[in-house]
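There are 2 protein chains.
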Amino acid sequence: MHSSALYEQFAERGLRRTPQRLAVWRAFAEKPGRTIRQVAGDLAEEGIGQATVYRAVRALEGAGLLLGYASPRGEVRYVAVLGHAHVLVCRRCGEVTSLQECQIEDYERRLQSKTGYQISGHTLAIYGICPRCLQEEGL
Amino acid sequence: MHSSALYEQFAERGLRRTPQRLAVWRAFAEKPGRTIRQVAGDLAEEGIGQATVYRAVRALEGAGLLLGYASPRGEVRYVAVLGHAHVLVCRRCGEVTSLQECQIEDYERRLQSKTGYQISGHTLAIYGICPRCLQEEGL
DNA sequence: CGTATAAGTGATAAGATTTATCAGGTATGC
DNA sequence: GCATACCTGATAAATCTTATCACTTATACG
């Protein structure tokens with residue numbers, strides 16, 4: 409899954425490309441919207457230590473390869489991204505969709521000149537109920 | 409601080425207006441961008457139990473009176489809001505500014521028709537370095 | 001290639017955070 | 001006022017996260 413772009417990101421950030429970090433990134437790519445602990449549980453079966461998963465998430469998040477967002481339950485959940493992305497989250501089933509479209513840059517520019525902040529990024533999570541849950545609940 | 413609007417929100421959501429919940433909301437209003445545990449620590453000195461703070465945050469968040477966002481450190485931090493708001497966060501000192509302006513509604517409408525989601529809200533956190541930190545670091 | 005070395009890993013334990021429980025208190029509607 | 005459903009505080013239990021340290025490995029360089 410776009411391994412070359414992924415590898416470039418590792419190199420650019422001075423991150424070593426270890427099998428564990430790749431596994432962590434892939435875990436969030438396959439099932440987006442999970443918590444660190446959930447992924448740590450799964451990867452433990454592959455012999456990857458939980459401390460390693462926590463460390464890998466910090467490193468990948470810092471490199472912009474994972475995106476964290478606050479779930480309505482007050483947890484931080486992550487999505488694997490390559491470059492910039494936002495998430496669309498179902499409040500019922502927790503399904504997560506990555507969105508590549510972004511129109512916030514304009515807003516950021518205006519905000520930068522208005523507030524004097526040197527702006528360096530943002531996270532956007534949009535919540536709703538997915539079509540399947542709507543149907544199941546007859547809404 | 410807009411107590412009437414706050415009280416209306418409580419009533420609309422069927423939340424009881426207890427001194428503890430008001431204290432929790434005010435704590436986040438006075439110092440935005442803190443974690444639950446930080447506020448629980450402070451309010452413990454006023455005799456408010458930590459479990460109560462955790463419960464109050466869930467209730468207030470559900471009522472749309474607190475906004476949670478994922479900090480770059482992987483924690484969930486909260487801002488007191490009345491109605492809709494976003495946050496501007498300094499990556500250095502953690503200073504948080506609430507932003508009332510929002511242009512995401514249009515985007516949400518298009519997304520709703522495109523994905524079939526029944527969209528019901530979003531969180532936007534914009535990160536950067538505040539003017540004071542920029543100056544202190546000579547950037 | 002080999003080797004040096006800085007960085008990363010796994011296991012474990014320690015620490016910190018969050019939730020469950022339950023007896024008692026209190027805001028709300030009548 | 002009174003009843004009642006909801007909320008609170010204290011405590012304990014359960015979870016989650018980080019620190020430590022000996023060992024391993026990815027990268028750079030000759």
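For the record, the sequence lines run as chains A and B.
Sequence positions in the first sequence follow our numbering and run 409 to 547.
Sequence positions in the second sequence follow our numbering and run 409 to 547.
The C-beta atom is built at its ideal place from N, Cα and C for all residues, glycine as well.
Just so you know, these numbers come straight off a predicted model, no measurement behind them.
I'd like to check one pair, Leu507/A with Val489/A: are the Cβ atoms closer than 8 Å?
no
Could you compute how far the alpha carbon of Met409/A sits from the alpha carbon of Leu430/A?
No answer about Met409/A holds up, because its pLDDT of 49 lies below 50 and its placement is not dependable.
Helix, strand or coil for Met409/A? Go by DSSP, reduced to three states.
Bear in mind that the predicted position of Met409/A carries a pLDDT of just 49, short of 50, making it too unreliable to give a figure here.
Taking beta-carbon pairs under 8 Å, can you tell me which members of the region 513-543 of chain B lie near chain A?
Tyr515, Glu516, Leu519, Gln520, Thr523, Gly524, Tyr525, Gln526, Ile527, Ser528, Gly529, His530, Thr531, Leu532, Ala533, Ile534, Tyr535, Gly536, Ile537, Cys538, Pro539, Leu542
Between the Cα of Glu509/A and those of Gln428/B, Glu516/B, Ala437/B, Glu544/B, spot the shortest distance and give me the residue it belongs to.
By alpha-carbon distance to Glu509/A, the top candidate from Gln428/B, Glu516/B, Ala437/B, Glu544/B is Glu516/B.
Applying the criterion that 16 or more other CB atoms from any shown protein chain within 10 Å of the CB defines a buried residue, is Gln417/A buried or exposed?
buried
So what's Leu542/B in DSSP terms, helix, strand or just coil?
helix
Considering only residues of the same chain and omitting the five flanking positions on each side of Arg499/A, which have a CB-CB separation below 7 Å?
Once the five neighbours on either side are set aside, the close Cβ partners of Arg499/A are Pro480, Tyr535, Gly536, Ile537.
Is it true that the region 451-458 of chain A meets the region 453-466 of chain B, where meeting means three or more beta-carbon pairs spaced less than 8 Å apart?
no
Taking only beta-carbon atoms, is Val487/B less than 8 Å away from chain A?
no
Along the chain, which unbroken stretches of the beta strand (DSSP E) at least 3 residues long are found entirely within the region 418-463 of chain A?
For secondary structure counted as the beta strand (DSSP E) over 3 or more consecutive residues, the region 418-463 of chain A holds no complete run.
Using 8 Å for Cβ pairs, my map puts Ala452/A next to Gln428/A. What's the rounded Cβ distance?
The Cβ separation is near 12 Å, so there is no contact.
Whole-angstrom Cβ separation of Tyr486/B and Arg442/B, contact assumed at under 8 Å?
7 Å
Give the residues of chain A in contact with Ala478/B, contact being defined as C-beta atoms less than 7 Å apart.
Gly476, Tyr477, Ala478, Val484, Thr531
Starting from Arg485/A, trace the beta strand (DSSP E) in both directions and tell me its first and last residue.
484-488
Hey, is Leu496/B's beta-carbon within less than 8 Å of any beta-carbon in chain A?
yes
Against chain A, with Cβ distances strictly below 8 Å, would Arg424/B count as a contact?
no
Cβ of Gln417/A less than 8 Å from any chain B Cβ?
no
Arg499/A touches chain B at which residues, Cβ-Cβ below 8 Å?
Ser528
From the DSSP output, in three-state form, read off Ser506/B for me.
Residue state for Ser506/B is assigned as strand, using DSSP reduced to three classes.
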